[in-house]
Structure formats: C-alpha cells, structure tokens
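Here is the structure we will look at, set down as structure tokens.
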Amino acid sequence: MLRFRLSIVFLLILLPGISSASAQADPPPYQTYLPIILRSEPPLWIGPYGGSVVVIAPDPTNGSVIYAGTWGAGVYKSADAGVTWAPARSGLWNLSINSMAVDPRNGLNLYAGTYGDGIFKSTDGGASWVQASNGLQSGSIVYAIAIDPENPNRLYAATRAINRGSPPWSGIVYKSENGGASWRAVLQNIGGTNQQDWVYSLAILPRDPNLVLAAAHEYGVYRSSNYGESWAAANNGITDLSGRAVVFDPRYRNPSTAFFGVWHRSGLFKTTSNGDQWRLITDGIIDSKIYSMGLAIDPNNPNRLFAATFSGGVLRSTNNGESWNSVGFGNQWVYSVAVNPANGNIYAANYDDGRVQAFDAQGKFITQWIIPKGITDPYFGDMAVSRDGTVYIPVFGKLMLFDGAG
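As numbered in mature numbering (1 follows the signal peptide of the UniProt record, and there is no 0), residues -21 to -1, 1 to 385 make up the sequence shown, in order.
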C-alpha cells in the first residue's frame, strides 16, 4: 500500500510537464506515463477473494452443529454452537459458497452451492466433499438448494450460468432424486429462449411437498404440483414480477398460504390458495425492496411476519401479512431478519453501519449491538437461528453470535 501511494505521488509531480508536452501534438488513443500505459479497457475483476460469510446452515438434527458458507474461504463448521470454528473444506476446490442446505433427517449429509462450479456434497458432516454436479450446466451459479422434508433424497437447485451481465441468463432449476448423485433440468427458458431467466428462491409446501414454488428474477412465481416435473407461471394477481423471495409457513399452520417478496418496491403479495390467486398488500409495506433472504415467519405464531427491506428497515405484520409497521432501522437497508423460536425475539442486521437490533415479540426495542472494533467491513449476509434460540449473524469476514437474550 505504501509503495502504491508513493507511486501516485510521483506521478502527480510529473503531471504538469507531461501535460505541456502533450499539448504540442494531437494526443494518441492512449497516454503514456513513464512505463505505465493507461488505455480504455473493459473492467476485469481481479480480487480480492476474501472469507466473507454469506450463508449459515444449522444442523436441524443437532443444535450444536452449525455450518458457515463463505465467499472465498469455503465451508467452516462449529460443533459447539458457534464458540469455535474449523475449516470443513477438504475436497471443496471452489471456495466461493453461494448457498447451503442440510438434510433435515440426517445432519451428516449437506450440500454447498458454489459460484461457478455447481454443487458439492458431504456425507460426513463436512469432513470431506465431492462434487455433486452431474447433469448441471457448466459453470453453474447456485442460488438456492431446497430439500424435500418428506424425502431428503429429492432436491431442487436454482441455478444460472456465468455470463457477461446480459440475457440470455441460462437460468435452470434442476431436480435430483438420488441425493444429488445426478441432476436433470425441470424448469428452464423462463421468459423464452432469449431471456432464460433464473430463480432466486424455492419453497416446498411442508406437509404436501409435491407443491413447489419458485421466485423468478423478472417473471414472478412459477409453480409445480407434481414434485417439480412440470411448471407453469402462477401470477394471477401479481403486478410486479421482480421475484426475490417466496416462503411458506414452516410449520404449516396456515395451509395454502404463501408470501412473495419483490424488488421493484410494489409491496408484498399473498396467496391463500397455494398460488392460484395472489393479492397485493401495500398497507405499510409500499416502496420497499425485499431480497431473497428478507422474509421470515415466526415459528411460534404464523400470524407474525417480518420483512427485511432495502429502503424501509425492518417491517412487521401481526395479522398474517395484511398490514405492516416499522420496527427498526428507519429507512436503512436491512439484508436479513430472523425470529428466535425460543422467545419470539426478532434480530435484524443492518447493511451499512454494522448494527444489530433486537425487539421483543410485541415489537418493543430491546437493545442493539455495534460491530466491535477490528471488523473493518460491516456487511451482513444471511442470518440463522438454531434450535436452542441462538442467533448467528454472518458479517463479511466474520461471524457474530448472540444468545437468546442478546
């Protein structure tokens, strides 16, 4: 860094003389500063590739085991509820993790979706990994992995290919029926062959897993009623198709009810018919961007929902999504929100300044935490709450842990 600064100072000292010489003739299509040539070239990402935590996956069968997927450092594992961590990446040769999922019946089986190399699987609790991308398109970016709660060998993966930032996106949803040993495409060409839009989020109906919903980037909701074998758009009543998040009640207490979060500030859509008809809700939630991890339903009270928004802070509903009010962070960007199943407290992570706020079940402010000194990049990824009520908050480069009392 010191050498770079000295070089800049040296160049600035030379600039007046260089400018005078350049004025005597028409400038060439580039400028030469000593041995340095500055030309107009397209940007190229050269790093850094750090260890930012982007997804947390608690073992649903063991509350002490948590996995952390990072951007650049692979997977880490804690066997003591987050007190200590160790690398769990043997055989995981792509270290940019984009999504994770743990088998709900056998916590030794877990999946990691990468940015650019598909899916890896571990059958020994992360001690070793093998690539499980047979049938996936080359260079798959994996946005979501969903495991059928009734049959953990049945999985779905939402992917797209790496491209130059314009369509066609090569978005494909795949299905596996043998625990990831092989995959086949079940949903593709969303929006036509010139678009091939991708899916951000997948939701499986808990007690009737033949029904699967997918939130498509710019084409709304797609639905399958036969375990992903065929799909159709399910957008009746949806006026904003910028899909980012879709959720069912995790305990199936409001059957047929799902929520669909969008990016273009329209509000939130709700269905009570498994997607046959949707209705826009704007009371208190208009002008709010919702990302793929921005919706949470209270495991203890299905009428209580929370939305993390990119402009409106944290919003809460106490009447099953019919109306919303702000409970924190004002007009700031909040990337993720989680509900503590042990006591109903809500935890939200601020996107900009590294604050974490806690509210009780009635929305009353409890306390907040500021990122401690030494964490220089206070950006949050996904959040998770383990079975014992502990809150895990990933920060770019760090992982923060709080007990149920904050």
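All residues carry an ideal CB built from backbone N, CA and C; glycine is no exception.
In the three-state DSSP reduction, Leu181 falls in the strand class (E or B).
Looking at Thr261, Gly292, Lys249, the one whose alpha-carbon comes closest to that of Asn282 is Lys249. Cβ contact annotation for Ile265 (same chain, cutoff 6 angstroms, sequence separation greater than five): Gly246, in chain order. Separation of the CB atoms of Arg223 and Tyr179 is rounded to 5 angstroms, and the pair is thereby assigned contact status at 8 angstroms. The C-beta separation of Ser57 from Trp64 comes to about 5 angstroms, placing the pair in contact by the 8 angstroms criterion.
Rounded to whole angstroms, the gap between the alpha carbons of Asn85 and Lys154 is 20 angstroms. Using a 10 angstroms sphere on the CB of Asn304, the tally of other CB atoms stays under 16, which defines it as exposed. Per the Cβ contact rule, the segment 90 to 110 is not in contact with the segment 173 to 187 (fewer than 3 Cβ pairs under 8 angstroms).
With 16 or more neighbouring CB atoms inside 10 Å of its own CB, Gly97 falls in the buried class. Straight-line measurement puts the Cα of Glu197 at about 30 angstroms from the Cα of Glu129. Within the DSSP bridge table, the entry for Ala80 names Tyr90 as partners. Contact check for Ile124 and Gly150: beta-carbon distance about 15 angstroms, past the 8 angstroms limit, so the pair fails to qualify. Excluding residues up to 5 positions away in sequence, Gly97, Thr138 lie with their Cβ nearer than 6 angstroms to the Cβ of Ser119 in the same chain. Bounds of any beta strand (DSSP E) do not take in Thr40, whose DSSP letter is neither H nor E. Along the length of the segment 239 to 319, whole beta strand (DSSP E) runs at least 3 residues long occupy 247 to 250, 258 to 260, 269 to 276, 284 to 288, 293 to 296, 304 to 307, 313 to 318, reported in chain order. Annotation: Pro39 to Val81 spans about 7 angstroms, alpha carbon to alpha carbon. Distance between Gly254 and Ala195, taken at the CA atoms: about 14 angstroms. By the neighbour-count definition (other C-beta atoms within 10 Å, threshold 16), Ala213 is a buried residue. Going by beta carbons, Leu89 and Ser101 fall inside the 7 angstroms limit.
Taking the Cα positions, Ser252 is about 30 angstroms away from Ala36. When secondary structure is reduced to three states using DSSP, Ala65 falls in the strand class. Pairing Trp242 with Ser267 gives a Cβ-Cβ distance that is not under 7 angstroms.
The beta carbons of Tyr231 and Arg186 sit about 5 angstroms from each other, so the pair counts as a contact at 8 angstroms. Residue environment analysis places Ser296 among the buried positions, since at least 16 neighbouring C-beta atoms fall within 10 angstroms of its C-beta. In the displayed model, Gln167 falls within a strand according to three-state DSSP. A residue is called buried when at least 16 other Cβ atoms come within 10 angstroms of its Cβ; Ile141 does not meet this threshold and is exposed. In the DSSP annotation of this structure, the continuous segment of the beta strand (DSSP E) that includes Tyr135 starts and ends at 134 to 140.
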